[in-house]
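Colleague:
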Amino acid sequence: MKLNESRYEEANLKQAYPMSDHVRAMGSKSTLSYQAREVACHAIEVYAKKLKEEPTSLKIHCYRALLERLIVNRYGDQRHCGLGCVKHASSMTFAQYARKALQKFPFPLPDEDVDAPELELAMNEWQRVVIFYSLRLLLAPVIESLVLIDRMLYLWDRYIPSCLLPLFDPCLSPRNLVLLAFKERSHSSEKLREKF
């Protein structure tokens with residue numbers, strides 16, 4: 003999953019997070035990096051299932067890490083560039099994967115970069131990348147909760163009653179929390195408020 007972080011979004015980042023007065027009052031302590039916000043988009047439940055059932059399919063994370071390293075070495079400003087999705091990557095060599103993933107990439111990577119022998123040696127360490135990625139994913143629900151609680155507090159700052167509810171099975175829909183707000187002077191909102 004890729005977070006879109008265009009210049010327009012960077013200019014409006016302060017409006018996106020933090021939104022609430024309480025979290026904004028924390029100043030720089032409340033800042034979330036690109037990496038933190040990006041990891042919050044992923045679900046550990048699906049990853050844990052893959053880890054148990056088909057761990058070699060998770061080599062993709064090592065492939066992506068190596069490819070990002072190649073891209074950053076050649077084009078430093080393209081750290082979070084969008085790469086194409088590659089199906090069945092675990093059955094490919096790194097070079098095959100890289101060429102597929104780079105089909106829509108606007109800048110060329112020379113063959114000698116993609117075919118470098120040290121990359122295949124680095125691929126022998128793919129399990130370490132999976133361990134690192136798993137540790138990152140353990141933080142995903144915490145970061146997602148921070149963002150959602152901030153948005154709920156934002157509503158409360160404006161005297162809009164709200165709550166967070168788990169609505170879906172997280173294995174089916176990783177974004178399973180719903181931020182529910184109650185519109186004032188609404189008959190249905192009174193009924194909903196009675197339930198909560």
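The sequence shown begins at 3 in this note's numbering and counts up by one. The C-beta atom is built at its ideal place from N, Cα and C for all residues, glycine as well.
Nearest to residue 50 by CA position, among 90, 167, 76, 138, is which residue?
Modeller: Among 90, 167, 76, 138, the Cα nearest to that of residue 50 belongs to 138.
Colleague: DSSP three-state call for residue 165: helix, strand or coil?
Modeller: Note: residue 165 maps to strand in three-state DSSP.
Colleague: Let me check understanding here. Comparing Cα to Cα, which of 37, 182, 185, 69 lies closest to residue 125?
Modeller: Nearest option by C-alpha distance: 69.
Colleague: Please report the distance separating the alpha-carbon of residue 122 from that of residue 58.
Modeller: Distance between the alpha carbons of residue 122 and residue 58: 15 Å.
Colleague: Give the single residue among 67, 102, 75, 116 whose Cα lies nearest to the Cα of residue 132.
Modeller: It is 67.
Colleague: For residue 141, which three-state DSSP category applies?
Modeller: Three-state result, residue 141: helix.
Colleague: Output the distance between the C-alpha atoms of residue 10 and residue 170, rounded to the nearest integer angstrom.
Modeller: Bear in mind that the predicted position of residue 10 carries a pLDDT of just 45, short of 50, making it unreliable; the figure below should be weighed with that in mind. About 32 Å.
Colleague: Name the one or two DSSP bridge partners that residue 149 has.
Modeller: For residue 149, which the question treats as bridged, DSSP gives no partner whatsoever.
Colleague: Classify residue 19: buried if its beta carbon has 16 or more other beta carbons within 10 angstroms, exposed otherwise.
Modeller: Residue 19 is buried by the Cβ-count criterion.
Colleague: Ordered along the chain, which non-local residues of its own chain (more than five positions away) have a Cβ less than 7 Å from that of residue 149?
Modeller: Within the same chain, residue 149 has close Cβ partners 19, 42.
Colleague: Helix, strand or coil for residue 181? Go by DSSP, reduced to three states.
Modeller: Residue state, collapsed to three classes: strand.
Colleague: For residue 163, which residues of its own chain have a beta-carbon under 6 Å away from its beta-carbon, when the five flanking residues on both sides are left out?
Modeller: Excluding residues within five positions, the ones whose Cβ falls inside 6 Å are 184.
Colleague: Residue 19 by DSSP, collapsed to three states: which one?
Modeller: In this structure, residue 19 counts as coil in the three-state DSSP scheme.
Colleague: Within a Cβ cutoff of 8 Å, which residues of the same chain sit near residue 81, ignoring the five residues on either side of it in sequence?
Modeller: If we look at residue 81 and ignore the five residues flanking it on each side, its Cβ neighbours are 70, 73, 74.
Colleague: Is the beta carbon of residue 23 less than 8 Å from the beta carbon of residue 159?
Modeller: Yes; because the gap between Cβ atoms is below 8 Å, this pair is in contact.
Colleague: Given 8 Å as the limit, is there contact between the stretch 170-179 and the stretch 29-41, that is, 3 or more CB pairs closer than that?
Modeller: The stretch 170-179, when compared against the stretch 29-41, does not touch it at the 8 Å Cβ threshold.
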